[in-house]
Every structure is written in structure tokens, then in C-alpha cells.
Amino acid sequence: MFLGTHTPRLDEKGRLILPAKFRDELAGGVVITKGQERCLYVFPMPEFQRIAEQLHAQPMTNKAARAYSRVFFASAHDEVPDKQGRVTIPAHLRGYAALDRDLVVIGASTRVEIWDRAAWESYLAESEDDFADISEGVLPGGL
């Protein structure tokens, strides 16, 4: 399970050093793809394969599944982190998430998310007030 918030920087070659506590689980390979709210999702290969199987199980007549699959798979980039735990974020994904030098990398349970630092701070400012209200709909019965 991926947990925590980290603030790495993107180097001049578009590489990110993965947080040390995430490296073991991501060492076998990752898939980086577009996420919601203009962030990037980073999945360990087994988790990406699990999601891919769920999407493949949807009928071709499901318009929403087709549309989601197209974007999800077309934007995906697979890579094995190097010995320093670095991955290269392709230009099209950096552009989608408006990634500049300063990043926020968060653990989001079964995936890692990569955010531009200013976008993450804005997202938190907009959503933290609603956090308590959201938990009731997401966690039936509450904590």
C-alpha cells in the first residue's frame, strides 16, 4: 500500500526520483498514465494488469468504458525504474499534468499520484473543507 506525501523535483531530462519507501514495490516495472484532476497515476505492473483485465471485461457496447479505455491505454507509458529509482515522465504526460520542476508525489493506496506542486496545493485548498462530508458517502457507516 502506498502512503504519504513527498516533494521531489523533476530533473532537466524529465526524470523523477521515486520516493525511497515506494521503490521496492515499483522496482519490477511501472505504468504511468493520465489520472483524474490533471495528475498522473503510477501503477505497479501487477495493479495495472488487474485494472486492464477489468476494462477488458466491459462490453464493447459500453460507450463510457470505450472512451475511458482509449485515454487510459493510449496515454500509458511503461518503464522499469533505473538503479537510482528514477523514471522518465514522457513529454505528453508532463504536459497533461502541467508538471514543472516542483512536484508532489502521493501514495494513494494501490497507486502513486504525481502532481505539479501548485496544482496539488490548489486541489487541497479546494477539497479539504469537504473532507469530513465526503467520508460519509465513501465509507458507509463512517470510520
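Under UniProt numbering, think of the first position of the sequence shown as 1, with each following residue one higher.
Backbone N, C-alpha and C define an ideal beta-carbon position, used for all residues, glycine too.
Since the structure is predicted, the reported quantities are computational estimates derived from the model, not experimental observations.
Look at Thr33 and Ser75 and say whether their C-beta atoms are less than 8 angstroms apart. Residue numbering aside, residue 33 sits at position 33 when the sequence shown is read from its first letter. Residue numbering aside, residue 75 sits at position 75 when the sequence shown is read from its first letter. Contact: yes.
Between which two residues does the alpha helix (DSSP H) carrying Val80 extend? Position 80 of the sequence shown holds residue 80. Per DSSP, Val80 belongs to no alpha helix (DSSP H) and is neither H nor E.
Give the DSSP-derived three-state secondary structure of Leu26 in the structure shown. Residue mapping note: residue 26 aligns to position 26 of the sequence shown, counting from 1. Correct three-state label for Leu26: helix.
Once the 5 residues before and after residue 156 are set aside, which same chain residues still bring their CB inside 6 angstroms of it? Any property of residue 156 remains undetermined from this structure, which presents the chain solely from 1 to 143.
Find the nearest neighbour of Gly4 within the set Glu113, Tyr41, Val31, judged by alpha-carbon distance. Walking along the sequence shown from the start, residue 4 turns up at place 4. The shortest Cα separation from Gly4 among Glu113, Tyr41, Val31 belongs to Glu113.
What number of angstroms, rounded off, separates the C-alpha of Leu40 from the C-alpha of Val31? Position 40 of the sequence shown, counted from the first residue, corresponds to residue 40. Position 31 of the sequence shown, counted from the first residue, corresponds to residue 31. Spanning the two alpha carbons is a distance of roughly 10 angstroms.
Under the rule that 16 or more other beta-carbon atoms within 10 Å means buried, what is Gly28, buried or exposed? For the purposes of this step, residue 28 is identified with residue 28 of the sequence shown, where counting begins at 1. Gly28 comes out exposed.
Pro44 (DSSP reduced to helix, strand or coil): Here residue 44 is taken as the residue at index 44 of the sequence shown, counted from 1. In the structure shown, Pro44 sits in a strand (DSSP, three-state: E or B).
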